[in-house]
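A.B. asks: These protein sequence lines are chains A and B, in that order.
Residues 278 to 581, numbered by the numbering used here, are exactly what the first sequence covers, in order.
Residues 6 to 394, numbered by the numbering used here, are exactly what the second sequence covers, in order.
Built from N, CA and C at the ideal position, the CB exists for glycine as well.
It should be emphasised that the depicted structure is a prediction, and the values quoted were computed from it without experimental measurement.
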Amino acid sequence: MISFLVKRFLWMIVTLWVVFTVSFFLMRAVPGGPFDSERNLPPEIEANMMRRYHLDDPLWKQYWRQLSNTVRGDLGDCFRRDLPVDRYIREGLPVSAALGLLALVFSMVLGITAGIVSAVYRGSVSDLTLRSVATVGIALPNFVIAGLAIIWFVFLFPVFPAAGWGSVRQLILPAFCLGAPYAAYVARIMRTSMLDVLSQDYIRTARAKGLTQRQVVLRHALPGALLPIMSFLGPATAGILTGSLVVERIFYIPGLGSHFVQAALDRDYTLAMGLVLLYTVLLYTMNVLVDISYALLDPRIELE
Amino acid sequence: MPGSEHHHSNASDVRTLTKGVSLWQDAWRKLRCNRVAMFSMWILVAICGLALLTPLLPLDPPDRDRTHLQYEPPQLTPLFRPTFSLDVKAIQKTSAIVAARGDSQTLEQRQQAKDVLQKPYRAAGFPDLGPLSRWMVGARYWLFGHWSLGPVAGRDLLGRDIFSRLFWGARVSLIVGLVATLVSLLIGVTWGAVAGYCGGFIDDLMMRIVDILYSIPFIFVVIFIITILGQRDIKMTLELVGIDRITIFFLVVGAIYWLTMARVVRGQVISLKHEPFIEAARALGVSRPAIIFRHILPNLISIVIVYLTLTIPRVMLFEAFLSFLGLGVEPPDVSWGLLANEGIKVINPVRIYWWLIVFPSVALGITLFSLNFLGDGLRDALDPKMETK
Chain A
278 MISFLVKRFL WMIVTLWVVF TVSFFLMRAV PGGPFDSERN LPPEIEANMM
328 RRYHLDDPLW KQYWRQLSNT VRGDLGDCFR RDLPVDRYIR EGLPVSAALG
378 LLALVFSMVL GITAGIVSAV YRGSVSDLTL RSVATVGIAL PNFVIAGLAI
428 IWFVFLFPVF PAAGWGSVRQ LILPAFCLGA PYAAYVARIM RTSMLDVLSQ
478 DYIRTARAKG LTQRQVVLRH ALPGALLPIM SFLGPATAGI LTGSLVVERI
528 FYIPGLGSHF VQAALDRDYT LAMGLVLLYT VLLYTMNVLV DISYALLDPR
578 IELE
Chain B
6 MPGSEHHHSN ASDVRTLTKG VSLWQDAWRK LRCNRVAMFS MWILVAICGL
56 ALLTPLLPLD PPDRDRTHLQ YEPPQLTPLF RPTFSLDVKA IQKTSAIVAA
106 RGDSQTLEQR QQAKDVLQKP YRAAGFPDLG PLSRWMVGAR YWLFGHWSLG
156 PVAGRDLLGR DIFSRLFWGA RVSLIVGLVA TLVSLLIGVT WGAVAGYCGG
206 FIDDLMMRIV DILYSIPFIF VVIFIITILG QRDIKMTLEL VGIDRITIFF
256 LVVGAIYWLT MARVVRGQVI SLKHEPFIEA ARALGVSRPA IIFRHILPNL
306 ISIVIVYLTL TIPRVMLFEA FLSFLGLGVE PPDVSWGLLA NEGIKVINPV
356 RIYWWLIVFP SVALGITLFS LNFLGDGLRD ALDPKMETK
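1. Grab me the residues of B/Leu2's own chain with a C-beta within less than 8 Å of its C-beta, minus the 5 sequence neighbours each way, in chain order.
2. Identify, in the order they occur along the chain, each residue of the same chain with its Cβ nearer than 8 Å to the Cβ of B/Leu264, setting aside the five sequence neighbours on each side.
3. Over what stretch of residues does the alpha helix (DSSP H) that includes A/Gln343 continue unbroken?
4. Check whether the segment 355–375 of chain A touches the segment 385–401 of chain A, taking contact to mean three or more Cβ pairs, one atom from each stretch, closer than 8 Å.
5. Measure how close the beta-carbons of B/Ala198 and B/Val270 come, nearest whole angstrom, since I'm counting them as under 8 Å.
6. In terms of DSSP beta bridges, what is B/Ser153 paired with?
7. For B/Asp65, tell me which candidate among B/Phe44, B/Gln80 and B/Phe89 has the shortest Cα-Cα distance.
8. Assuming B/Pro63 contacts B/Leu154 (C-beta within less than 8 Å), just tell me the rounded distance between them.
9. Can you tell me which residues form a DSSP beta bridge with B/Asp166?
10. Hey, A/Gly551 and A/Gly369 are a contact pair by Cβ (cut 8 Å); roughly how many whole angstroms apart?
11. Counting only beta-carbon separations shorter than 9 Å, does B/Gly342 have a partner in chain A?
12. Return the bridge partner residues of B/Pro79 from the DSSP annotation.
13. Exposed or buried, what is A/Cys355 when buried is set at 16 or more other beta-carbons lying within 10 Å of its beta-carbon?
14. To the nearest angstrom, report how far apart A/Val494 and A/Gly400 are at their CA atoms.
15. Does A/Asn346 pass the burial test, meaning 16 or more other C-beta atoms within 10 Å, or should it be called exposed?
16. To the nearest angstrom, how far is it from the Cα of A/Lys338 to the Cα of A/Leu332?
17. Would B/Ala345 count as contacting chain A if we go by Cβ distances under 9 Å?
18. Nearest-angstrom Cα distance between B/Lys394 and A/Leu475?
19. How many whole angstroms separate the CB atoms of A/Ile428 and B/Ile352, which I take to be in contact at a CB cut-off of 8 Å?
20. Using DSSP with H/G/I as helix, E/B as strand and the rest coil, what is B/Asp31?
21. Check each candidate in B/Thr242, B/Ile275 and B/Ile230 and name the one with the smallest Cα separation from B/Phe255.
22. Between the segment 548–567 of chain A and chain B, which residues of the former have CB atoms less than 7 Å from a CB of the latter, in chain order?
23. Would you say A/Val299 reaches chain B, if we count a Cβ-Cβ gap shorter than 9 Å as a contact?
24. Quick one, are the C-beta atoms of B/Phe225 and A/Tyr556 less than 9 Å apart?
25. In the DSSP assignment, what are the bridge partners of A/Pro361?
26. I want to verify the contact list: residues of chain A whose CB lies under 7 Å from the CB of B/Ala325, in sequence order.
27. Starting from B/Trp359, find everything on chain A with Cβ-Cβ shorter than 8 Å and list it in chain order.
28. Show which residues of chain B have a CB atom less than 7 Å away from the CB atom of A/Thr347.
29. Can a CB atom of chain B be found closer than 9 Å to the CB of A/Ala391?
30. I need the boundaries of the alpha helix (DSSP H) containing B/Gln273, first residue and last residue.
31. First and last residue of the alpha helix (DSSP H) that includes B/Ile349?
32. What is the C-beta distance between A/Leu522 and B/Leu330, in whole angstroms, given that I count them as a contact (C-beta under 8 Å)?
33. Relative to the C-alpha of A/Leu407, which residue among A/Val283, A/Leu548, A/Tyr462 and A/Arg349 is closest?
34. Looking at chain A, is there any beta carbon in it that lies within less than 9 Å of the beta carbon of B/Asn39?
35. Could you tell me whether the Cβ atoms of B/Thr314 and B/Leu383 are closer together than 9 Å?
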């Protein structure tokens with residue numbers, strides 16, 4: 278277990294280094310600095326600014342400086358606004374985390390329930406309906422879902438506020454839009470794996486013992502059927518992080534996603550890179566957690 | 006597609022391909038029993054056909070703005086209106102001019118020739134058209150004259166016909182989905198097959214690379230690449246070389262979506278590798294590349310087809326996602342993602358222009374819906390293990 282964690286940690290460092298290097302050189306390969314599109318500055322001021330941000334050093338020196346700073350945990354200042362990147366992360370992360378976690382919980386609960394119902398009543402009307410709804414959920418981009426949800430719940434039946442951040446009521450609609458596609462995926466995976474498990478011999482044994490349907494499904498079949506869901510948690514987290522770019526922009530939520538899009542559009546090098554690194558750490562940690570939980574749920578799987 | 010295998014039924018083919026044909030025939034038979042999948046397949050055929058023939062249909066040109074008709078709601082009467090016009094004389098003249106010039110050498114000359122050629126079509130309200138589309142527009146003018154369909158799906162901010170934009174958007178969305186998926190398929194299958202077949206050190210290395218790439222949040226990197234390449238001066242340079250944003254999109258998406266394919270193919274290849282027929286080929290002295298490409302790859306087709314129908318919708322969604330952030334297809338081209346985005350932008354509490362959101366969403370929804378159902382149906386039909394259940 279410990280060696281597994283150490284190994285994964287080392288791979289995370291390698292991955293982070295790759296991401297750092299690639300995005301560093303990508304950003305610097307572009308002609309024109311971050312101050313390019315602004316009005317023409319006197320050359321002295323421009324030189325000063327270049328010196329302030331060490332843009333006049335040779336490339337390898339810039340690379341080395343930024344790498345060592347990043348290793349020490351100092352992500353530097355934003356180019357566009359005179360604030361440290363850490364501050365954006367400190368302010369944005371709790372917001373995005375709350376939104377993302379709620380979306381994740383929502384998609385799991387809804388998806389697992391729908392998947393079980395769909396598998397147990399295979400071929401029935403409710404199965405077909407749930408599968409169709411799930412396919413629609415997968416098929417529609419979350420900004421379309423968000424648009425329809427806003428028309429419905431904000432304008433036609435004013436239940437929720439349209440945008441903003443602060444209260445729980447403002448959180449529900451974005452979390453729904455963010456989680457809906459993943460609820461659909463989870464429902465599909467759950468249905469398939471539940472059908473798989475239900476055709477196993479030990480389920481037949483359990484039924485032969487005279488257990489009720491409820492006991493068979495919830496006590497005997499469910500734990501085994503949850504395994505594929507666990508492995509979907511990794512991609513789901515990635516997807517929810519991605520989806521937050523769009524959803525946070527639609528609902529004007531001051532999270533990491535909207536900062537990232539803005540940073541990319543403004544070509545704010547340091548902020549964008551800091552956020553990409555943060556996203557990598559989040560994703561990697563989630564995948565490690567998924568692997569560990571996999572081993573815990575299924576004793577046959579060993580962590581190597 | 007299983008359908009294309011159907012005509013293999015003459016006697017000699019059956020004798021030589023007994024096993025292969027029976028697998029496909031079996032799959033086709035199973036697929037035909039799956040009514041939802043068949044229905045989806047016909048819908049897709051219809052959508053692709055209509056998208057292909059769009060320039061031939063009597064629709065308002067997609068970029069023809071009529072600002073005085075801004076946000077006109079959908080209306081069915083009168084169904085056809087004599088609003089279309091095409092300057093045929095100018096077209097004949099321009100093709101003569103272009104032909105007289107001969108081959109243009111420099112990039113600027115080529116750009117100029119293109120402008121001359123496209124001018125009459127741009128004036129009518131079309132985006133830049135290829136030769137086939139130009140011919141179809143001409144044929145449409147000859148067939149239907151000035152008649153074109155009224156705003157059955159309403160009009161947008163600039164008074165452009167939504168119904169026509171949906172059709173033209175279908176062309177872009179479908180092509181983007183298809184080509185980008187094929188790129189990813191090519192990389193993924195080759196990578197996975199080589200890694201799985203070679204095994205050992207090479208396999209370890211190749212899969213480690215896939216692992217590293219997997220843990221990179223690629224979409225963020227892609228957004229980054231596209232914004233950088235979208236910078237004005239870089240864009241101009243790229244466009245002169247003939248790389249526009251859609252091409253960049255193909256490459257970038259191809260580069261992301263091959264990872265899963267590589268893993269799936271590798272797993273399949275490893276299990277195939279120990280089958281007796283591969284051992285036999287090896288014993289006969291067949292070379293490594295020949296074994297991979299002649300004996301292993303054909304056995305992967307079923308997985309690849311299933312994966313294809315499931316990846317296309319994901320790619321189309323991704324294109325819509327990028328278009329929403331303003332990083333996807335650019336005007337005057339349209340795609341469904343762009344249309345949906347335009348719809349979302351004009352949501353406001355005073356008036357709801359529902360047709361701007363609903364129609365693009367429905368088009369995108371139906372297509373992705375059908376692709377997903379067809380993919381599921383194909384997976385069930387092509388999986389021999391399902392027989393036992």
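C.D. replies: Short version:
1. Chain B is shown only over 6 to 394; residue 2 of chain B falls outside these bounds and no answer can be derived.
2. As a position in the second sequence, residue 264 of chain B is number 259, starting the count at 1. The answer, listed in chain order, is Gly193, Val215, Leu218 and Tyr219.
3. As a position in the first sequence, residue 343 of chain A is number 66, starting the count at 1. Leu336 to Val348 is the span of the alpha helix (DSSP H), which, as asked, contains A/Gln343.
4. Counting Cβ pairs under 8 Å, fewer than three are found: no touch.
5. Position 193 of the second sequence, counted from the first residue, corresponds to residue 198 of chain B. Position 265 of the second sequence, counted from the first residue, corresponds to residue 270 of chain B. The pair is a contact, with the Cβ atoms about 6 Å apart (cut-off 8 Å).
6. To locate residue 153 of chain B, count along the second sequence from 1; it is residue 148. B/Arg86.
7. If you number the second sequence from 1, residue 65 of chain B lands on position 60. In this structure, B/Phe89 is the residue among B/Phe44, B/Gln80 and B/Phe89 with its C-alpha nearest to the C-alpha of B/Asp65.
8. Counting from one through the second sequence, the residue named residue 63 of chain B turns up at place 58. Counting from one through the second sequence, the residue named residue 154 of chain B turns up at place 149. Rounded, the Cβ-Cβ distance is 6 Å, consistent with contact.
9. For the purposes of this step, residue 166 of chain B is taken as the residue at position 161 of the second sequence. Bridge partners of B/Asp166: B/Arg160.
10. For this step, residue 551 of chain A is matched to residue 274 along the first sequence. For this step, residue 369 of chain A is matched to residue 92 along the first sequence. Rounded to the nearest angstrom, the Cβ distance from A/Gly551 to A/Gly369 is 11 Å, too far for a contact under 8 Å.
11. Sequence index remark: in the second sequence, residue 342 of chain B carries index 337 (1-based). It does; some Cβ of chain A falls within 9 Å.
12. On the second sequence, position 74 is the one that residue 79 of chain B refers to. Bridge partners of B/Pro79: none, in fact.
13. Here residue 355 of chain A corresponds to residue number 78 of the first sequence, with the count starting at 1. Buried: at least 16 other Cβ atoms inside 10 Å.
14. Translated into positions along the first sequence, residue 494 of chain A becomes position 217. Translated into positions along the first sequence, residue 400 of chain A becomes position 123. When rounded, the distance between both Cα atoms is 17 Å.
15. Stepping through the first sequence from its first residue, residue 346 of chain A is reached at position 69. Exposed, since its Cβ has fewer than 16 Cβ neighbours within 10 Å.
16. By 1-based counting over the first sequence, the position of residue 338 of chain A is 61. By 1-based counting over the first sequence, the position of residue 332 of chain A is 55. Put simply, the backbone Cα of A/Lys338 is about 10 Å away from that of A/Leu332.
17. One-based indexing of the second sequence puts residue 345 of chain B at position 340. Contact with chain A is found for B/Ala345, since one of that chain's Cβ atoms lies less than 9 Å from the residue's Cβ.
18. Within the second sequence, residue 394 of chain B is the residue found at index 389, counting from 1. Within the first sequence, residue 475 of chain A is the residue found at index 198, counting from 1. Confidence in B/Lys394 is poor, its pLDDT being 35 and thus under 50, which makes the residue's placement unreliable; the coordinate value appears in the next sentence. The alpha-carbon atoms of B/Lys394 and A/Leu475 are separated by roughly 11 Å.
19. Against the first sequence, residue 428 of chain A aligns to sequence position 151. Against the second sequence, residue 352 of chain B aligns to sequence position 347. The pair is a contact, with the Cβ atoms about 7 Å apart (cut-off 8 Å).
20. By one-based count along the second sequence, residue 31 of chain B stands at place 26. Looking at B/Asp31 - three-state DSSP - the assignment turns out to be helix.
21. Counting from one through the second sequence, the residue named residue 255 of chain B turns up at place 250. When each option's Cα is compared against that of B/Phe255, the closest is B/Ile230.
22. Under the 7 Å Cβ criterion, the segment 548–567 of chain A contributes Ala549, Val553, Tyr556, Thr557, Leu560, Tyr561 and Asn564.
23. Mapped onto the first sequence, residue 299 of chain A falls at position 22. So yes, A/Val299 belongs to the interface.
24. One-based indexing of the second sequence puts residue 225 of chain B at position 220. One-based indexing of the first sequence puts residue 556 of chain A at position 279. Yes; because the gap between Cβ atoms is below 9 Å, this pair is in contact.
25. Start at 1 with the first residue of the first sequence, and residue 361 of chain A comes out as number 84. Partner(s): A/Asp354.
26. Here residue 325 of chain B is taken as the residue at index 320 of the second sequence, counted from 1. Within 7 Å Cβ-Cβ: Pro418.
27. What you label residue 359 of chain B is simply residue 354 of the second sequence in a count that begins at 1. Residues of chain A passing the Cβ test: Ile428.
28. As a first step, residue 347 of chain A must be located in the first sequence, where it is residue number 70. Within chain B, no residue comes near A/Thr347; the closest Cβ sits about 16 Å away, beyond 7 Å.
29. Start at 1 with the first residue of the first sequence, and residue 391 of chain A comes out as number 114. No, A/Ala391 does not count as interfacial toward chain B.
30. Reading the second sequence from its first residue, position 268 is the one you call residue 273 of chain B. DSSP places B/Gln273 inside the alpha helix (DSSP H), whose first and last residues are Arg250 to Lys278.
31. For the purposes of this step, residue 349 of chain B is taken as the residue at position 344 of the second sequence. Element bounds for B/Ile349: Trp341 to Lys350.
32. Within the first sequence, residue 522 of chain A is the residue found at index 245, counting from 1. Within the second sequence, residue 330 of chain B is the residue found at index 325, counting from 1. About 7 Å separates the two Cβ atoms, so the contact holds.
33. Counted from its first residue, the first sequence places residue 407 of chain A at position 130. Residue A/Tyr462 is the option with its Cα nearest to A/Leu407.
34. Position 34 of the second sequence holds residue 39 of chain B. Not an interface residue.
35. In the second sequence, residue 314 of chain B corresponds to position 309, counting from 1. In the second sequence, residue 383 of chain B corresponds to position 378, counting from 1. Going by C-beta atoms, B/Thr314 is nearer than 9 Å to B/Leu383.
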